[in-house]
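Undergrad:
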Amino acid sequence: MSGYSVPQSQVGRPTAWWGMTILIASEATLFGTFIGTYYYLRFKTPTWPPGGIPEPKLVVPLVMLAVLVSTTVPMRLAATAARTGRLAATRLLIAVALVVQSGYFAYEVHDFSDQLHRFDITRNAYSSIYYTLLGADHAHVLLGVLFNLWLLGKLARGFTRYRIHAVQAIAWYWLAVNVLTIAVIGTLLSARA
Amino acid sequence: MSLRRLEILQWVGLLLGALVWTGQHVVGYGVTEAACSPGGTHWGIRTDTWEAVLMAAAAGCVLAAGLAAVTVVVRTREESYESPPPTGRVRFLAIAAITANLIFLVIILLDGLGSIFNVACRQG
Amino acid sequence: MNAPREDRRCLAFLVLAVVPLAGCGGSQNALAPESHQARDIATLFWWMMGGAWVGLGLVVGLLLWSWKRRNRRGFGRDVEGDKPGEKRSWYAVVVLGIVMPIAVISTLFVVSDLFVIKTTQAPASTTTKLTVQVIGHQWWWEVRYPGTTAVTANELHIPARTPVRVEVKTADVIHSFWVPELNRKIDTIPGRSNVVELDADQVGRYRGQCAEFCGLQHAHMAMYVFVDEPSAFRRWLAQQEKPVEAPSSALAERGARLFLDGPCSSCHAIRGTDADGYVGPDLTHVASRATLGALTVSNTPDDLRQWILHSQQAKPGNQMPDFNASGARLDALVAFLEGLK
Amino acid sequence: MAIATPPTPAAAERMERLEQIWESRPGILGWLTTTDHKRIGLLYFWTTLALFGAGGAEALLIRTQLAQPNQHVVSPQTFDELFSMHGITMIFFFIIPMTTGAFGNYLLPLLLGARDMAFPRMNALSYWIFLASAIFIYTSLFIGKAPNAGWFNYVPLASKQFNPGHNIDFYCLGIIFNSIASTLTAGQFIVTIFKSRAPGMSLNRMPLFCFAMLAASFGLLFALPALSADTTFLFLDRNVGTHFFDASHGGSALLWQHLFWIFGHPEVYILIVPAFGIATSIIPAFTQRRLVAFPLVAVAELLVVFVGFGVWAHHMYAVGMTTISMIFFAAATAMVVIPSTIQVFAWCMSFITGFARFKTPLLFIAGFIFMFVTGGLTGIMFVAIPFDQQVTDTYFIVAHFHYIIFGAAVFPIFGGMYYWFPKVTGKLYFERPGQISFWIIFVGTNLLFFPMHIVGLLGMTRRVSTYPSGLGWTAYNLAETIGGFVTLAGILLLLGNLFVSYFRGPPAGPDPWHGPTLEWTTSSPPPEYDFAVIPRVTSAYANWDPVDREADRLNLADGLLMLEHGHEQPTVTPVDGRLAEIAQMPHESPWPPVLALALALVFTMLLIGLYGVAGIMGLVCLLALAGWHSQEPPE
């Protein structure tokens, strides 16, 4: 008997959600400065992309973006499933999301190295910020994939309040990464305007 | 006025001003950087019209936010900012919002004044 | 230097400034303006300093008042929330802390950033009569006069009472062209050319210094701006345009051959000979300059000799290696260089 | 009457169990694996004090070199490394970690009425990463390859072409390494302030120290990424061959300055705001009066950091931006002063309308107000763009920011050391030597920094390793050097006084000053579990509410609200402080030092250039993180 009347339903967000919000705020600011740098460098040179570099392709990146953003659905469903205690559904949804995300990541790594052959990162300022921005985004997708792998490992041993909060926090992380990816791809494709 | 509406007005008063000033600052500075740099002169951006529109819009929003904060403070004048939550906290943050919006308003007005009455794209 | 004006100005300081700005005899003094831009800035400073002393006086007054009221009874009384003098204090905070500063600082903003800046910002290209290019190198200034072949180093001659457009660029890192008595500073940024206007009222010599940290010898990267009467300036410029004549004496002749065959010509240029190095300053009229090494040493034969032998001692880390010449060869070289008027 | 003495045997038995649960392991292992916010605060305090000594030594060497014209006390190469390391040490390794790490960690849970931070193990991790980054950057000084392009490290001087050695790589990696620690601390404080308050403590009943720490944390969280991006770009430019800052390939040297100062100016407000927090804790105690205009001061502390994000380019007025671009920053610089003037007059009115007792802490705060107003007034002068273009990069600016940093950040730190000395050590300090140390430091700093205003206006530029005679600078530089050594004497007297008081000072009870906030309700030094009973809070000055304190004593007697079934701590809703849940807190874990060591290896490999090995070390870090999270709190 601690002397406190603790409310039954969850009031406010779990501290895990707050910790993830801090990480997302820091990473979003980092991407903000990267995107700000992109536009600052763009204003410096009349022709953009400069130095005979081909304009970024339109269709394929948008399709891949749609694929990645679609994984938000299973992740959100997994979060609600975890909150309502349905273990099997949570595991399945996270596994599905993981497969799609890993596929996305594999293709992006291949596409990244393929582009590197066409114009190297050391060509000029455009190539520098292009690959740094895209590489940073892929790194965060990789981190999300690792989060999901770790989650599946944990959920293999059943539910605890800690793991339910973890699923919600990582679903929130994936939502943020998808929004960031939309911003990054949007910035890179703005070179076509 | 119900507590729920007071609380909404308080959050509007506190956060709208900050958001609007940030937007006016980033877009206003971005316009001056874009219009005058080698990469952007061909777009033909008239900075003073942009800045005037930005100032008017931003000042309007900040005034609205300030008004919201003032109504909350007026409606809770029989409470003190030290009374128990939520009314005490609402009054406390509304008083804070009034100060914040006043400062944002002055910045926005000085921004507009300065960027309109100076020669566009002259290296300072 | 124009001594009488200087003394009167020093006296003015002592009266105005509570703290004596002693030692204002130096010639790099932002509060001894010699152009209308520098004067506007100095006047702005005196108004702001007056306001600052008033503000500080007000706060110190409040602190002293509280010192006088220290140790009053009532200390230790458990304060349940009755805040003595709260109403009055709120008025003081709002009036002194919000209303008054907003009014004062907004006025300062309008005066300085809408009016004074019109004189100190870069001039419109139509209003200036002469253009000078100044290029910052690691740790010296290259000075060029567009439209003529005149190139000199660390010394800038401009005609009095005429607006001069100075375009500053850099050959390596960021420097900052700053002559305090004439106008505000302007940085030299790679890849772009910045502009500042110099419009001196008085004939005289004004000292300036690089104001942006640029490496080992940032401290020894100063320059002189000589303001001459327009006629004297035109004579100077004509002399600077002339390529070098043949050396006068046999000793100077041997020195010239030493210079051209030796390592000197790979770094330095002398117009009229085939020495065209651009790492170091142009030496066509080096003898006409007041100092060597960007005001590191004065330009006398002995200093020139020491500079050639041990430049790394006077300015360690600069790009010119010590030159191990002995007696006769060194005398020939110095004789040749002294001839380059 | 403080709560330290247990009134009933039942309560004593429960406190014994609490003591037993929260007890940390003895010896070095206990310190290595500690997650107790008080121990981490002390670790931060001792490390930052040592680094303050290093920064001070660098400053005195600089002053000795500049005492007379054309001196050769140190070579230009050493001088460049000295002033760069002085700037980096004082800002990144002394003031930020001292105010947030030492004061913030030690005091925040005590002021909030909590038992520990929201993430105790992350708190330990931030200390060990901070320590590793300090060692990382100071090895550069010992092997003679310290950063030598100033604390703001402008490009192209810092690019590979003009700085081929490892000096600038030490700078880039050391700064990123340190920012990880600062970001973790900032995130920690934000979540702790919002989630781990005593139930009932809504935002309008939170002490002002917590508002200051919240403002500093938001500042750090949103400013450091700009610096990390900047130093990442520079590291890539130097070692991979990208062209972010290379003008000949489309890059821009100004890009470095913009990104640096987007971090730089919020940073200097982050230096100041915790000092405001310390001042607003000391003033009510020694004037026995609740601070004047509480909500205005609270919003002022948050506003100064928020508006501070919009002023960055006033450091770049001389780079040739267009006038209309500079206007935006001049306008924001004009209004960023208002929060400071609000606070200055709130403090002064508290002095006057309260019952001021000028003991040492309040003397330091009075000195702080004087120095801060002097520095602030010269700061207002930079609203005028033409004047700033005349004095930027001269000693006038050096005078301005030293008045602000030394006068307005270090004075409250010294005041805070005296004020909380009884609480941390349980001993009272000697008052007489304390006051003497204040006056020596006050005279020393003014003698050291005021002549810089004059010599700056006489045209002496920053960072010159020497200067010619005959320009009227010599007398002032000599006076500054003397002032430097007088300040050193004052600081040594201060430290000596505290050191002797630690051994021979009279015992201080739980509340020697009749202080306003919760840390004075528990014993000195506070037990491991901070509060035997989670305190009841109805105002921002909880120790001055006798009704609540009486309620605490009754709770203790009845054994209520003691949460003695494990490392329990209440978490609340962020704004109104209503109880959300009783959280189980992790306690003592070896993972923080392990992860910090792995990170240190990552940065060392990056420095050496073994990028493959750095990648492997990165994987080791991820494994350490997984291991860290394998230990879950009991259900």
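Those protein sequences? They're chains V, U, L and Z, same order as listed. Residue numbering for the first sequence follows our numbering, starting at 31 and increasing by one per position. Residue numbering for the second sequence follows our numbering, starting at 5 and increasing by one per position. Residue numbering for the third sequence follows our numbering, starting at 56 and increasing by one per position. Residue numbering for the fourth sequence follows our numbering, starting at 46 and increasing by one per position. Just so you know, even glycine gets a beta-carbon here, dropped at the ideal spot from N, CA and C.
Locate the alpha helix (DSSP H) running through V:E85, then write down its first and last residues.
TA: Premise fails: V:E85 is in no alpha helix (DSSP H) and is neither H nor E.
Undergrad: For Z:N223, which three-state DSSP category applies?
TA: If DSSP states are grouped into helix, strand and coil, Z:N223 belongs with the helices.
Undergrad: Of the choices Z:L538, Z:F256, Z:L341, whose alpha-carbon is the least far from that of Z:F475?
TA: Among Z:L538, Z:F256, Z:L341, the Cα nearest to that of Z:F475 is on Z:L538.
Undergrad: As an exercise, report each continuous alpha helix (DSSP H) stretch of at least 4 residues that is fully enclosed by the segment 96 to 161 of chain V, in chain order.
TA: Qualifying alpha helix (DSSP H) stretches, in chain order: 102 to 113, 117 to 148.
Undergrad: Is L:E236 helix, strand or coil when you go by DSSP?
TA: Three-state DSSP puts L:E236 in coil, outside helix and strand.
Undergrad: Rounded C-beta distance between Z:T419 and L:L111? I'm assuming under 8 Å.
TA: Contact holds; Cβ gap of about 6 Å.
Undergrad: Name, going along the chain, the residues of the segment 444 to 476 of chain Z whose beta-carbon falls closer than 7 Å to a beta-carbon of chain L.
TA: Hits within the stretch: zero.
Undergrad: Counting only beta-carbon separations shorter than 9 Å, does V:K74 have a partner in chain Z?
TA: By this cut-off, V:K74 is an interface position.
Undergrad: For the segment 366 to 393 of chain L, list the alpha helix (DSSP H) runs that are entirely contained and at least 4 residues long, ordered along the chain.
TA: Counting whole runs of 4 or more residues, the segment 366 to 393 of chain L contains the alpha helix (DSSP H) stretches 382 to 393.
Undergrad: Where L:V450 and Z:L516 are concerned, what is the direct C-alpha to C-alpha distance, given to the nearest angstrom?
TA: Chain L is shown only over 56 to 396; residue 450 of chain L falls outside these bounds and no answer can be derived.
Undergrad: Just list the alpha helix (DSSP H) runs in the segment 481 to 545 of chain Z, keeping only unbroken ones of 4 residues or longer that don't cross its boundaries, in chain order.
TA: Complete alpha helix (DSSP H) runs here, min 4: none at all.
Undergrad: Decide if Z:P431 is buried, meaning its Cβ has at least 16 other Cβ atoms within 10 Å, or exposed.
TA: Burial call: buried.
Undergrad: List, in chain order, every chain Z residue whose beta-carbon is nearer than 9 Å to that of L:W362.
TA: Here the premise fails: no neighbours, minimum Cβ distance about 16 Å.
Undergrad: Would you say L:M375 lies against chain Z (beta-carbon separation less than 9 Å)?
TA: Output row for L:M375: interface = no.
Undergrad: By how many angstroms is the C-alpha of Z:G72 removed from the C-alpha of Z:E58?
TA: Looking at the two C-alpha atoms, the distance is approximately 26 Å.
Undergrad: Restricting to Cα atoms, I'd like to know which of L:E222, L:R125, L:Q272, L:Y261 is closest to Z:N115.
TA: Nearest option by C-alpha distance: L:Q272.
Undergrad: Give the single residue among U:V35, U:R50, U:C65 whose Cα lies nearest to the Cα of U:V24.
TA: Checked all of U:V35, U:R50, U:C65; the closest Cα to U:V24 is U:C65.
Undergrad: Chain L partners of U:V110, CB-CB under 8 Å?
TA: Going along chain L in sequence order, the residues near U:V110 (Cβ under 8 Å) are I157, S161.
Undergrad: Say whether chain U places a C-beta atom closer than 9 Å to the C-beta of L:L76.
TA: Confidence at L:L76 is low in this model, with a pLDDT of 48, below 50, so its placement is unreliable and the value that follows should be read with caution. False, the Cβ-Cβ gap to chain U never drops below 9 Å.
Undergrad: Does L:C79 come out as helix, strand or coil in the three-state DSSP assignment?
TA: Interpretation of L:C79 is limited by its pLDDT of 44, a score under 50 that renders its predicted location unreliable; the figure taken from the coordinates is listed afterwards. Coil, per DSSP.
Undergrad: Give a yes or no on whether 9 Å exceeds the smallest Cβ distance from Z:Q65 to chain U.
TA: Cβ-Cβ to chain U under 9 Å: no for Z:Q65.
Undergrad: Give the residues of chain V in contact with Z:F285, contact being defined as C-beta atoms less than 8 Å apart.
TA: Correcting the residue type first, residue 285 of chain Z is Val in the shown sequence and not Phe. The contacting residues are I151, T152.
Undergrad: Let me know if V:N208 comes out buried or exposed under the rule of 16 or more other beta-carbons within 10 Å of its beta-carbon.
TA: V:N208 comes out buried.
Undergrad: Any C-beta of chain U within less than 7 Å: which residues of the segment 167 to 192 of chain L qualify?
TA: Hits within the stretch, in order: D168, L169, I172, Q176, A177.
Undergrad: Since L:I190 is in the beta strand (DSSP E), which residue starts that stretch and which ends it?
TA: Unbroken beta strand (DSSP E) run through L:I190: 185 to 192.
Undergrad: Just to check my reading of the structure: Z:F274 and Z:L304 have Cβ atoms closer than 8 Å, yes? What is that Cβ distance to the nearest angstrom?
TA: Strictly speaking, residue 274 of chain Z in this sequence is Ala, with Phe absent from that position. Confirmed, Cβ separation roughly 6 Å.
Undergrad: For V:W202, which of helix, strand or coil comes out of DSSP?
TA: If DSSP states are grouped into helix, strand and coil, V:W202 belongs with the helices.
Undergrad: From what residue to what residue does the beta strand (DSSP E) around L:G263 run?
TA: Residues 259 to 264.
Undergrad: Provide the residue span of the beta strand (DSSP E) that contains L:H212, from first to last.
TA: Note, L:H212: beta strand (DSSP E), 210 to 214.
Undergrad: Which residue wins for smallest C-alpha separation from Z:T368, given the options U:L109, U:I107, U:T51, U:I102?
TA: Residue U:T51 is the option with its Cα nearest to Z:T368.
Undergrad: Counting along the chain, where does the alpha helix (DSSP H) carrying L:N249 start and finish?
TA: Per DSSP, L:N249 belongs to no alpha helix (DSSP H); it is in the beta strand (DSSP E), 249 to 253.
Undergrad: Going along chain U, which residues have a C-beta under 7 Å from L:N209?
TA: In chain order: nothing, as chain U lies at least about 25 Å away.
Undergrad: Just the chain Z side, please: which residues come within less than 7 Å of L:R2 by C-beta, in chain order?
TA: Residue 2 of chain L is absent from the model: chain L starts at 56 and stops at 396.
Undergrad: Do you know offhand how far U:G128's Cα is from V:I194's?
TA: Each residue's Cα considered, the two are about 57 Å apart.
Undergrad: Do you know offhand how far V:R153's Cα is from Z:H294's?
TA: If I take the Cα positions, the gap works out to 8 Å.
Undergrad: Taking L:R199 as the query, report the chain Z residues whose CB atoms sit under 8 Å from its CB, ordered along the chain.
TA: None at all; the shortest Cβ gap to chain Z is about 19 Å.
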